[in-house]
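In what follows, a structure is listed as structure tokens, so that the remarks can point back to it.
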Amino acid sequence: MYQDPYSDFGRLSLELLRAARLVVDTGMHAKKWTRDRAIDYLKQNTPNSEGECVDAINRYIVMPSQATAYKIGMLKILELREKAKHELGTRFDIRQFHDVVPTNGALPLDVLEDLVNRWIKSKQS
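Taken in order, the sequence shown gives residues 13 to 137; the numbers are from the numbering used here.
Structure (structure tokens):
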């Protein structure tokens with residue numbers, strides 16, 4: 013899938029950041045972490061620079077749960093993709109799936125799930 017190890021490193025770096033966002037957002041807003049503790053956590057657990065970590069934490073402070081929304085959305089899209097693959101078998105087309113997902117812009121995840129379910133049913137008939 014990846015042409016070289018550097019591309020995969022980029023993917024893994026983003027996965028680390030997404031996971032660390034879950035920790036620092038929860039830490040700050042539910043566990044009363046300080047700003048400095050959250051910055052230190054990002055610095056120690058991601059390849060991001062100190063400046064990038066500071067900017068991210070400043071954003072997460074004023075927008076609780078924004079950082080977690082990306083990962084939760086990603087997990088839901090992956091879940092819906094696996095469901096579509098399972099239910100459609102050889103009729104599953106990843107390009108068509110990706111046409112369905114962003115077609116209506118940002119949506120609540122339950123609305124997105126309804127759209128994907130309707131798409132699956134339309135492909136089955």
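Idealized CB from N, CA, C, for every residue including glycine.
request  = With a 10 Å radius around its C-beta and 16 neighbouring C-beta atoms as the bar for buried, classify Arg33 as buried or exposed.
outcome  = As a working mapping, residue 33 is identified with position 21 in the sequence shown. Buried, since its Cβ has 16 or more Cβ neighbours within 10 Å.
key: Short Cβ contact (8 Å threshold) for Gly85 with Leu28   = Taking the first residue of the sequence shown as 1, we reach residue 85 at position 73. Taking the first residue of the sequence shown as 1, we reach residue 28 at position 16. Not a contact, by the Cβ cut-off of 8 Å.
request  = Could you tell me whether the Cβ atoms of Val113 and Ile89 are closer together than 8 Å?
outcome  = As a position in the sequence shown, residue 113 is number 101, starting the count at 1. As a position in the sequence shown, residue 89 is number 77, starting the count at 1. Yes, the Cβ-Cβ distance between Val113 and Ile89 is below 8 Å.
message = For a quick check, are the C-beta atoms of Ile73 and Glu99 less than 8 Å apart?
response = If you number the sequence shown from 1, residue 73 lands on position 61. If you number the sequence shown from 1, residue 99 lands on position 87. Cβ distance not < 8 Å, so Ile73 and Glu99 don't count as in contact.
Cβ distance (whole Å) where Asp48 is taken to contact Ala79 below 8 Å = Stepping through the sequence shown from its first residue, residue 48 is reached at position 36. Stepping through the sequence shown from its first residue, residue 79 is reached at position 67. Not really, about 17 Å apart at Cβ, beyond 8 Å.
query = Can you tell me the Cα-Cα spacing of Leu92 and Gly117, whole angstroms?
reply = Translated into the one-based positions of the sequence shown, residue 92 becomes position 80. Translated into the one-based positions of the sequence shown, residue 117 becomes position 105. Spanning the two alpha carbons is a distance of roughly 16 Å.
Distance CB(Val66)-CB(Tyr53) smaller than 8 Å = Along the sequence shown, one-based indexing puts residue 66 at 54. Along the sequence shown, one-based indexing puts residue 53 at 41. No, they are not a contact pair.
request  = Would you identify the three-state DSSP class for Thr115, choosing helix, strand or coil?
outcome  = As a first step, residue 115 must be located in the sequence shown, where it is residue number 103. Three-state DSSP puts Thr115 in coil, outside helix and strand.
ask   = Among Thr46, Ala81, Gln15, Lys44, which has the Cα closest to the Cα of Ala31?
value = In the sequence shown, the residue the question calls residue 31 occupies position 19. The shortest Cα separation from Ala31 among Thr46, Ala81, Gln15, Lys44 belongs to Ala81.
ask   = Between Val128 and Phe109, what straight-line distance do the alpha-carbon atoms span, to the nearest angstrom?
value = Mapped onto the sequence shown, residue 128 falls at position 116. Mapped onto the sequence shown, residue 109 falls at position 97. Roughly 8 Å between the two C-alpha positions.
query = Can you tell me whether Ala42 is buried or exposed, with buried defined as 16 or more other CB within 10 angstroms of its CB?
reply = As a working mapping, residue 42 is identified with position 30 in the sequence shown. With fewer than 16 other Cβ atoms within 10 Å, it is exposed.
message = Can you find the residues in the same chain that come closer than 7 Å, C-beta to C-beta, to Glu97, ignoring five residues on each side of it along the sequence?
response = For this step, residue 97 is matched to residue 85 along the sequence shown. Contrary to the premise, residue 97 reads as Lys rather than Glu in this sequence. The residues are Phe104.
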